[in-house]
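Participant: The following block contains the structure, expressed as structure tokens.
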Amino acid sequence: MGGLMDTSRSSVLTPTMLKAFVNSQQMEMIDEEQATRLIQVLLAGCRCVELDCWDGDDGLPLIYHGHTLVSKIGFRQVIEVIKKSAFTTSDLPVILSIENHCSVQQQAKMAQMFKVCSI
4 MGGLMDTSRS
14 SVLTPTMLKA
24 FVNSQQMEMI
34 DEEQATRLIQ
44 VLLAGCRCVE
54 LDCWDGDDGL
64 PLIYHGHTLV
74 SKIGFRQVIE
84 VIKKSAFTTS
94 DLPVILSIEN
104 HCSVQQQAKM
114 AQMFKVCSI
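With this note's numbering, letter number 82 in the sequence shown gets 85, and the count goes up by one each step, no holes.
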């Protein structure tokens with residue numbers, strides 16, 4: 004009840020993560036074109052994505068590679084892309100490695116977005 008792992012799917016996760024190869028992708032410069040690339044890597048089997056999260060000026064978190072001149076994209080938009088694409092070709096879990104630079108207030112908004120998007 005309320006655990007982090009759905010034990011009804013535990014057979015899917017054998018062998019343990021310690022013994023598994025995890026296909027990963029770092030999305031350093033994410034924009035609309037990179038969102039398309041994110042879809043492609045998820046459909047190709049990528050199971051680990053790194054997201055650099057920062058406070059947005061409008062109070063909503065953004066994803067971008069900090070202190071550079073790259074495009075920014077909304078956190079919610081990215082997790083919606085992940086939700087729509089991640090489990091089309093694989094039932095295996097997706098690991099989100101979040102480099103979090105957000106304030107507590109925007110972290111709370113991120114948590115709420117995860118709940119709303121059911122990720």
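Cβ coordinates follow ideal geometry from the N, Cα and C atoms, glycine included.
Going by DSSP, name the residue or residues bridged to Cys105.
Facilitator: According to DSSP, Cys105 bridges with nothing at all.
Participant: If we ignore side chains and look at the alpha-carbon of each, how far apart do Met32 and Thr91 end up?
Facilitator: Bear in mind that the predicted position of Met32 carries a pLDDT of just 48, short of 50, making it unreliable; the figure below should be weighed with that in mind. Whole-angstrom Cα-Cα distance: 24 Å.
Participant: Have a look at Pro96 and Asp60 and give me their C-alpha separation to the nearest angstrom.
Facilitator: Roughly 32 Å between the two C-alpha positions.
Participant: Name the one or two DSSP bridge partners that Leu65 has.
Facilitator: Paired residues: Trp57, Gly77.
Participant: Are Ile85 and Val107 close, meaning C-beta to C-beta below 8 Å?
Facilitator: Result no, Cβ atoms of Ile85 and Val107 do not sit closer than 8 Å.
Participant: Measure the Cβ-Cβ separation of Tyr3 and Asp55 and say whether it is below 8 Å.
Facilitator: Coverage of the chain is limited to positions 4 through 122, which leaves residue 3 absent and any answer about it impossible.
Participant: Nearest-angstrom Cα distance between Lys75 and Leu65?
Facilitator: About 6 Å.
Participant: In the structure shown, what three-state DSSP assignment does Thr91 receive?
Facilitator: Coil.
Participant: In whole angstroms, what separates the C-alpha of Ser121 from that of Thr71?
Facilitator: Taking the straight line joining both Cα atoms gives about 31 Å.
Participant: Anyone know if the C-beta pair for Ile101 and Arg50 falls short of 8 Å?
Facilitator: No, Cβ-Cβ distance for Ile101 and Arg50 is not below 8 Å.
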